[in-house]
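Residue numbers (my numbering): 157 to 640.
Glycine included, C-beta positions come from ideal geometry on N, C-alpha and C.
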């Protein structure tokens, strides 16, 4: 080291190498004959909050070995210089670790604090230059496919213990998997989906490995089975809808056949005009031309028996996630709370997950003295019922809880399916012991015992049969199915 000084907030260090023998990087022979000297500028980690620049004078040496093809080479200082590198190994390691931990933008912000100004693209560039760690033979291997686009698929192999990817292939064939597995002698367990292709490849390549399904594919298969059961009990789904309130009788002052709106008066006048012409034997084209109508409009009015058939009927509004809270909003409005923001905060605390704007639009009729519109509720679909059954109770909405409760009270088969799904959820949760509770005596059975049989989705039942039949107790001697 020759000199150290500070200039413009940067610490500068001037140094030079000693006159020692240097080994050739190709042949390893020593050399003391100097070709020339030049100065390398190296960035090092900051000192006292100031960046450090090292001006290192190094030698370029001759290689005198006749068997070596290299004629000159630059000397390197261990721990300080690397070929084609303008940072010290310590600073380069800091940049790489910032990229590994925080990626581009976050790593660039951290390095800026450490007095190493780099852009996010430079941090990502150094991250991509890092060599991958050597992949050890996995003990638990995960095999799954993914879609690239359209009908083009690929295969992904993952170490289930470290959750790191191992291989990525184009296609999903058993021959490629069977050829890869013999080179991995440490594979003991293989997690896969229900694909027969992967089952054949694992059987051929690693016949001693145990084939299992992970929680994702178990839940995926369970959800499909629950959906089949819900579809088989489609006749029970209307029981989930609450009984509508009886509608008020129509007012005698405003009968349904009265043309009390501009649209209804227009439909009545047009109906009378079209029939006045068509009753005289005039064709539809002539009637449409004379009245200035489209031929389809003239045909619609000509075929109608009454003018009420030509009036456009308003579609009933579809139910929304705000419907279970409309009674509460009406109650709070009558108590004197007319601020939509406050009402939105209150129903959010009760489980509402919608936007404030929907609450504001819902109470708008109350500001004009009109009642809150309550739409007719439609029965849930089998897919919705399956999603409610497989969702944890703590994550269901208030509307889903009430609807599912009415449905399970009506249909014992779906109630039994719900109980089995909850038992499976407790059994597959890694935070709970591997056991489940039976619904009869709440006794905890070990996971080694077989599961009770599921309700058969092929049985077509009606609401009357489900309401009358009690839950059937199935023997617990069903063979546990392995992934296929």
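For residue 478, does the three-state DSSP call read helix, strand or coil? Residue numbering aside, residue 478 sits at position 322 when the chain shown is read from its first letter. Residue 478 carries a coil assignment under DSSP once its states are collapsed to helix, strand and coil.
Cβ of residue 727 within 7 Å of Cβ of residue 519? In this structure the chain extends from 157 to 640, so residue 727 is not present and cannot be described.
If I measure Cβ to Cβ from residue 643 and keep anything under 7 Å in the same chain, skipping five residues before and after, which residues do I get? Not covered by the structure: residue 643. The range shown for the chain is 157 to 640.
Counterpart residues of residue 321 in DSSP-defined beta bridges: Your numbering for residue 321 matches position 165 in the chain shown. Note: residue 321 sits in a beta bridge opposite 314.
Could you give the DSSP three-state label for residue 454: helix, strand or coil? Within the chain shown, numbered from 1, the residue matching residue 454 stands at position 298. In this structure, residue 454 counts as helix in the three-state DSSP scheme.
Helix, strand or coil for residue 465, going by three-state DSSP, please let me know. The residue labelled residue 465 in the question sits at position 309 within the chain shown. Reduced to three states, the DSSP call for residue 465 is helix.
Are at least three pairs of beta-carbons, each pair with one atom in the segment 296 to 308 and one in the segment 269 to 286, less than 8 Å apart? The segment 296 to 308 is not in contact with the segment 269 to 286.
DSSP state of residue 389 mapped onto helix, strand, coil: Translated into positions along the chain shown, residue 389 becomes position 233. Residue state for residue 389 is assigned as coil, using DSSP reduced to three classes.
Just tell me which of 454, 467 and 384 has its CA closest to the CA of residue 417. Against the chain shown, residue 417 aligns to sequence position 261. Nearest in C-alpha terms to residue 417, of all of 454, 467 and 384, is 467.
Which residue comes first and which comes last in the alpha helix (DSSP H) that contains residue 575? Counted from its first residue, the chain shown places residue 575 at position 419. It spans 568 to 584 - the alpha helix (DSSP H) in which residue 575 sits, taken as one unbroken run.
Residue 624 by DSSP, collapsed to three states: which one? If you number the chain shown from 1, residue 624 lands on position 468. Since pLDDT at residue 624 reaches only 40, below the 50 mark, its modelled position is unreliable, and no value is offered.
According to DSSP, residue 345 sits in a beta bridge with which residue or residues? Translated into the one-based positions of the chain shown, residue 345 becomes position 189. Beta-bridge partners assigned by DSSP to residue 345: 296 and 366.
In terms of residue numbering, what span does the beta strand (DSSP E) encompassing residue 175 cover? Within the chain shown, the letter at position 19 stands for residue 175. Bounds of any beta strand (DSSP E) do not take in residue 175, whose DSSP letter is neither H nor E.
Evaluate residue 157 with the Cβ neighbour count: other Cβ atoms within 10 Å of its Cβ, from every protein chain shown; 16 or more gives buried, anything less gives exposed. Locating residue 157 in the chain shown gives position 1, where the first residue counts as 1. An exposed status is given to residue 157, since fewer than 16 other beta-carbon atoms sit within 10 Å of its beta-carbon.
Buried or exposed: where does residue 500 fall if 16 or more other Cβ atoms within 10 Å of its Cβ makes it buried? For the purposes of this step, residue 500 is taken as the residue at position 344 of the chain shown. Result: buried.
For residue 294, count neighbouring C-beta atoms within 10 Å of its own C-beta (all shown protein chains included) and say buried if the count is 16 or more, exposed if not. Indexing the chain shown from 1 puts residue 294 at position 138. If you draw a 10 Å sphere on the C-beta of residue 294, you find 16 or more other C-beta atoms in it, and that means buried.
Which word fits residue 389, buried or exposed, when buried means at least 16 other C-beta atoms lie within 10 angstroms of its C-beta? Taking the first residue of the chain shown as 1, we reach residue 389 at position 233. Classification for residue 389: buried.
CB-CB under 6 Å to residue 323, same chain, minus the five flanking residues each way: which ones, in chain order? Reading the chain shown from its first residue, position 167 is the one you call residue 323. Same-chain partners within the cutoff: 313.
Taking all protein chains shown into account, decide if residue 336 is buried (16 or more other Cβ within 10 angstroms of its Cβ) or exposed. Along the chain shown, one-based indexing puts residue 336 at 180. Taking every protein chain shown into account, the CB of residue 336 has 16 or more other CB atoms within 10 angstroms, so this residue is buried.
So, is residue 354 buried or exposed, given that buried needs 16 or more other C-beta atoms within 10 angstroms? Counted from its first residue, the chain shown places residue 354 at position 198. Residue 354 comes out buried.
Starting from residue 200, follow its DSSP beta bridges and name the residues at the other end. Indexing the chain shown from 1 puts residue 200 at position 44. Per DSSP, 208.
Does the distance from the CB of residue 395 to the CB of residue 574 come in under 7 Å? As a position in the chain shown, residue 395 is number 239, starting the count at 1. As a position in the chain shown, residue 574 is number 418, starting the count at 1. Not a contact, by the Cβ cut-off of 7 Å.
Am I right that residue 196 and residue 237 are in contact with their C-beta atoms under 8 Å? What's the rounded C-beta distance? Taking the first residue of the chain shown as 1, we reach residue 196 at position 40. Taking the first residue of the chain shown as 1, we reach residue 237 at position 81. Your pair residue 196 and residue 237 checks out as a contact, with CB atoms roughly 7 Å apart and the cut at 8 Å.
Would the segment 378 to 388 count as touching the segment 347 to 366 if we require 3 or more Cβ pairs under 8 Å? Taking 8 Å as the limit for Cβ pairs, the verdict is that the segment 347 to 366 does not touch the segment 378 to 388.
Roughly how many whole angstroms lie between the Cα atoms of residue 463 and residue 421? The sequence position of residue 463 within the chain shown is 307, counting from 1. The sequence position of residue 421 within the chain shown is 265, counting from 1. For residue 463 and residue 421, the distance between alpha carbons rounds to 10 Å.
Ordered along the chain, which non-local residues of its own chain (more than five positions away) have a Cβ less than 7 Å from that of residue 303? As a first step, residue 303 is located in the chain shown; it is residue number 147 there, counting from the start. Excluding its 5 nearest sequence neighbours in each direction, residue 303 has C-beta neighbours in its own chain below 7 Å: 309, listed in chain order.
Pick out whichever of 183, 174, 207 and 214 has its Cα sitting closest to the Cα of residue 227. Mapped onto the chain shown, residue 227 falls at position 71. The residue among 183, 174, 207 and 214 with its C-alpha nearest the C-alpha of residue 227 is 183.
By the DSSP assignment, the alpha helix (DSSP H) with residue 261 in it spans what residues? As a first step, residue 261 must be located in the chain shown, where it is residue number 105. From DSSP, the alpha helix (DSSP H) with residue 261 extends over 245 to 269.
DSSP has residue 423 in a bridge; who is on the other side? Residue numbering aside, residue 423 sits at position 267 when the chain shown is read from its first letter. In the DSSP output, where bridge partners are listed per residue, residue 423 has none listed.
For residue 157, name the three-state secondary structure that DSSP assigns. Residue 157 sits at position 1 when you count from the first residue of the chain shown. The answer is coil: DSSP assigns residue 157 none of H, G, I, E or B.
Could you pull the start and end residues of the beta strand (DSSP E) that residue 495 belongs to? Counting from one through the chain shown, the residue named residue 495 turns up at place 339. Where residue 495 is concerned, there is no enclosing beta strand (DSSP E), given that its DSSP letter is neither H nor E.
Compute the Euclidean distance between the alpha carbons of residue 255 and residue 486, then round it to the nearest angstrom. For this step, residue 255 is matched to residue 99 along the chain shown. For this step, residue 486 is matched to residue 330 along the chain shown. Residue 255 and residue 486: Cα-Cα distance of roughly 55 Å.
Can the beta-carbon of residue 199 be found closer than 7 Å to that of residue 243? Within the chain shown, residue 199 is the residue found at index 43, counting from 1. Within the chain shown, residue 243 is the residue found at index 87, counting from 1. Yes; because the gap between Cβ atoms is below 7 Å, this pair is in contact.
Can you grab the Cα-Cα spacing for the pair residue 224 / residue 252, in whole Å? Position 68 of the chain shown, counting from 1, holds the residue named residue 224. Position 96 of the chain shown, counting from 1, holds the residue named residue 252. Roughly 35 Å separates the two Cα atoms.
Would you mind reading off the limits of the alpha helix (DSSP H) that contains residue 547? For the purposes of this step, residue 547 is taken as residue 391 along the chain shown, with counting starting at 1. Careful: residue 547 lies outside any alpha helix (DSSP H) and carries neither H nor E.
Span separating the alpha-carbon of residue 181 from that of residue 213: Counting from one through the chain shown, the residue named residue 181 turns up at place 25. Counting from one through the chain shown, the residue named residue 213 turns up at place 57. Inter-residue distance for residue 181 and residue 213 is about 19 Å (C-alpha atoms, whole angstroms).
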